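Q:
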Amino acid sequence: MKAPSTGDQRTDARHDHLPDVAWLESQYNVRAYLPDHPKVFARWAEQSRYARFDLDGHWNLYFGESEAETVDVVPGKPGKPLLIFIHGGYWRSLDKADFTFLAKPYVARGYSVALLNYGLIPKVTIEDCVRQTLRGIEWLYRQAGRFGYDPNQIVVCGHSAGGHLGVMSALAFWPLWASDLPQDVVKSVIAVSGIYDLSPLVHTPFIQKDLKLNQKRTRMVSPALMPKPTIPVHLAFGNRETDAFKEQSAYLAAHWGLNPPLQVAADHLNVVDLIAEPNSELFLLIQNQLLLPSH
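Next comes the structure, spelled out in structure tokens:
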């Protein structure tokens, strides 16, 4: 069976050379089809405010040249792995501080957790988002002695746009980034509900006005259009997401020969809650990657 391709999106029957813009909008505009999103965002922010009272973290540490390049680090037990979480928001909204609550169950199990920020479009480009993410991961690798985690056991998890950025970190050729870095700075990536072929977003009105992508730039930032990385990548999504989001994961898994994506009972937003739910399959997937001694 041929894998579904997100690069060949629906077209208007009258003009089959043109994308079906209305369909793309209905599939990718998450806030439009999940009208309760303000309540979800508010709940995450409130949970995270309370979490910061309970966690002994280092907040808003600068790792780059811009004010946006900051990271929160919550140390666990010395010598244990580090989990880096990269937030979503279509590369243009939300903040690491909205997701502190995700750290609690991992820190309780001895893992260190870092919550990474990056500049938001349209102030930066999506290429900048990728570069800043890599810069933050490099900084965390070099700061292992300061915070006590094992630099040889770094696992990245990202949601939505953060899933895209996480997979881009799996594709990085780290020795070219800095000659003293090993190729496997990141040992494993878990990408949740990500977008891996950005071609449809070139024609999706609600995001294109900020992304300003064209097909040439899309090829440079679409993991699904690149060769398979050398480190493990695991994909997950909610079974109540749109067909387009499901196809994004299905196509990348087929293209790279990965395990079938984990499907969990969730939509595009409340799938995030399962990252912090110790009884969920998604939490167990992430924890299993942290338990692997050296991949």
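Take 1 as the starting number for the sequence shown in our numbering and just add one per residue. We treat Cβ as the ideally placed atom computed from N, Cα and C, and that holds for glycine. Here the structure is a predicted model, which means the values were calculated and not measured.
Quick check: the Cα distance between Phe85 and Ser93, rounded to an integer number of angstroms?
A: Looking up residue 85 in the sequence shown gives position 85. Looking up residue 93 in the sequence shown gives position 93. Straight-line Cα distance between these residues: approximately 15 Å.
Q: Note down, in chain order, each residue of its chain lying with its Cβ closer than 6 Å to the Cβ of Val272, except the 5 sequence neighbours on either side.
A: Taking the sequence shown and counting its residues from 1, the one referred to as residue 272 is at position 272. Cβ neighbours of Val272 beyond the five flanking positions: His159.
Q: For Cys157, which residues does DSSP report across the bridge?
A: Taking the sequence shown and counting its residues from 1, one reaches residue 157 at position 157. Cys157 is bridged to Phe85, Ile190.
Q: Spatial neighbours of Asp210 within its chain, please: CB distance less than 6 Å, with the 5 preceding and 5 following residues excluded, ordered by chain position.
A: To locate residue 210, count along the sequence shown from 1; it is residue 210. The answer, listed in chain order, is Arg92, Ile121, Pro122.
Q: Less than 7 Å separating the beta-carbons of Asp197 and Ala172?
A: On the sequence shown, position 197 is the one that residue 197 refers to. On the sequence shown, position 172 is the one that residue 172 refers to. Result no, Cβ atoms of Asp197 and Ala172 do not sit closer than 7 Å.
Q: Quick one: using the 10 Å Cβ neighbour count with 16 as the cut-off for buried, is Lys80 buried or exposed?
A: Within the sequence shown, the letter at position 80 stands for residue 80. Buried is the call here.
Q: Could you tell me if His15 is buried or exposed, where buried requires 16 or more neighbouring beta carbons within 10 angstroms of its beta carbon?
A: Your numbering for residue 15 matches position 15 in the sequence shown. Bear in mind that the predicted position of His15 carries a pLDDT of just 40, short of 50, making it unreliable; the figure below should be weighed with that in mind. The residue is exposed, with fewer than 16 neighbouring Cβ atoms inside 10 Å.
Q: Can you tell which of Arg43, Gly57, Ile154, Gly163 has the C-alpha that lies nearest to the C-alpha of Gln289?
A: Reading the sequence shown from its first residue, position 289 is the one you call residue 289. For the residues Arg43, Gly57, Ile154, Gly163, the minimum Cα distance to Gln289 belongs to Ile154.
Q: Go through the stretch 28-70 residue by residue and report every complete run of the beta strand (DSSP E) that reaches 3 residues or more, in order.
A: The stretch 28-70 contains these whole beta strand (DSSP E) runs: 58-62.
Q: Excluding sequence positions up to five away, which residues of its chain have a Cβ less than 8 Å from the Cβ of Asp150?
A: If you number the sequence shown from 1, residue 150 lands on position 150. So the qualifying residues of the chain are Gly79, Lys80, Pro81, Leu82, Ala144.
Q: Write down the C-beta distance between Ala170 and Ile231 rounded to the nearest angstrom, noting that I regard them as a contact closer than 8 Å.
A: Looking up residue 170 in the sequence shown gives position 170. Looking up residue 231 in the sequence shown gives position 231. That belief holds up - the Cβ atoms of Ala170 and Ile231 are roughly 5 Å apart, short of 8 Å.
Q: Applying the criterion that 16 or more other CB atoms from any shown protein chain within 10 Å of the CB defines a buried residue, is Asp72 buried or exposed?
A: Within the sequence shown, residue 72 is the residue found at index 72, counting from 1. Counting Cβ neighbours within 10 Å, Asp72 comes out buried, since at least 16 surround it.
Q: Give the DSSP-derived three-state secondary structure of Ala172 in the structure shown.
A: Stepping through the sequence shown from its first residue, residue 172 is reached at position 172. In this structure, Ala172 counts as coil in the three-state DSSP scheme.
Q: Between which two residues does the alpha helix (DSSP H) carrying Leu291 extend?
A: The sequence position of residue 291 within the sequence shown is 291, counting from 1. Its alpha helix (DSSP H) spans residues 281-291.
Q: Any heavy atom of the ligand ATP closer than 6 Å to the Cβ of Gln263?
A: The ligand ATP is absent from the structure shown, which contains no ligands of any kind.
Q: If I'm right that Gly64 touches Arg135 with Cβ under 8 Å, what's the distance once you round it to whole angstroms?
A: Your numbering for residue 64 matches position 64 in the sequence shown. Your numbering for residue 135 matches position 135 in the sequence shown. About 5 Å separates the two Cβ atoms, so the contact holds.
Q: Please go through the same chain and pick out, in chain order, the residues whose beta-carbon is closer than 7 Å to the beta-carbon of Val167, but skip the five residues on each side of it.
A: Against the sequence shown, residue 167 aligns to sequence position 167. For Val167, where only same-chain residues beyond five positions count, the Cβ hits under 7 Å are Val189, Ala191, Gly194, Tyr196, Pro223, Val233.
Q: So who's on the other strand from Val113, going by DSSP bridges?
A: Here residue 113 is taken as the residue at index 113 of the sequence shown, counted from 1. Answer is Val74, Leu83.
Q: Among Arg131, Asp98, His87, whose alpha-carbon lies nearest the alpha-carbon of Glu46?
A: Stepping through the sequence shown from its first residue, residue 46 is reached at position 46. With distances taken between Cα atoms, Glu46 lies closest to Asp98.
Q: Return the CA-CA distance between Pro227 and Val264, expressed in angstroms with no decimal places.
A: In the sequence shown, residue 227 corresponds to position 227, counting from 1. In the sequence shown, residue 264 corresponds to position 264, counting from 1. Roughly 27 Å separates the two Cα atoms.
Q: Could you check where the beta strand (DSSP E) with Leu262 kicks off and where it finishes?
A: For the purposes of this step, residue 262 is taken as residue 262 along the sequence shown, with counting starting at 1. Residues 262-264.
Q: Would DSSP call Leu24 helix, strand or coil?
A: Taking the sequence shown and counting its residues from 1, the one referred to as residue 24 is at position 24. The answer is helix: DSSP assigns Leu24 an H, G or I state.
Q: Buried or exposed for Arg146, please, with buried defined as at least 16 other CB atoms from any protein chain shown within 10 angstroms of its CB.
A: Here residue 146 is taken as the residue at index 146 of the sequence shown, counted from 1. Exposed: under 16 other Cβ atoms inside 10 Å.
Q: Ordered along the chain, which non-local residues of its own chain (more than five positions away) have a Cβ less than 8 Å from that of Phe41?
A: Position 41 of the sequence shown, counting from 1, holds the residue named residue 41. Excluding sequence neighbours, Phe41 sits near Leu94, Asp98.
Q: I'd like to know if the stretch 236-247 and the stretch 176-189 are in contact, where contact means that at least 3 CB-CB pairs between them fall below 8 Å.
A: No, they do not touch.
Q: Flag this pair as yes or no: are the beta carbons of Leu284 and Leu262 separated by less than 7 Å?
A: Counting from 1 along the sequence shown, the entry for residue 284 is found at position 284. Counting from 1 along the sequence shown, the entry for residue 262 is found at position 262. No, these two residues do not count as a Cβ contact at 7 Å.
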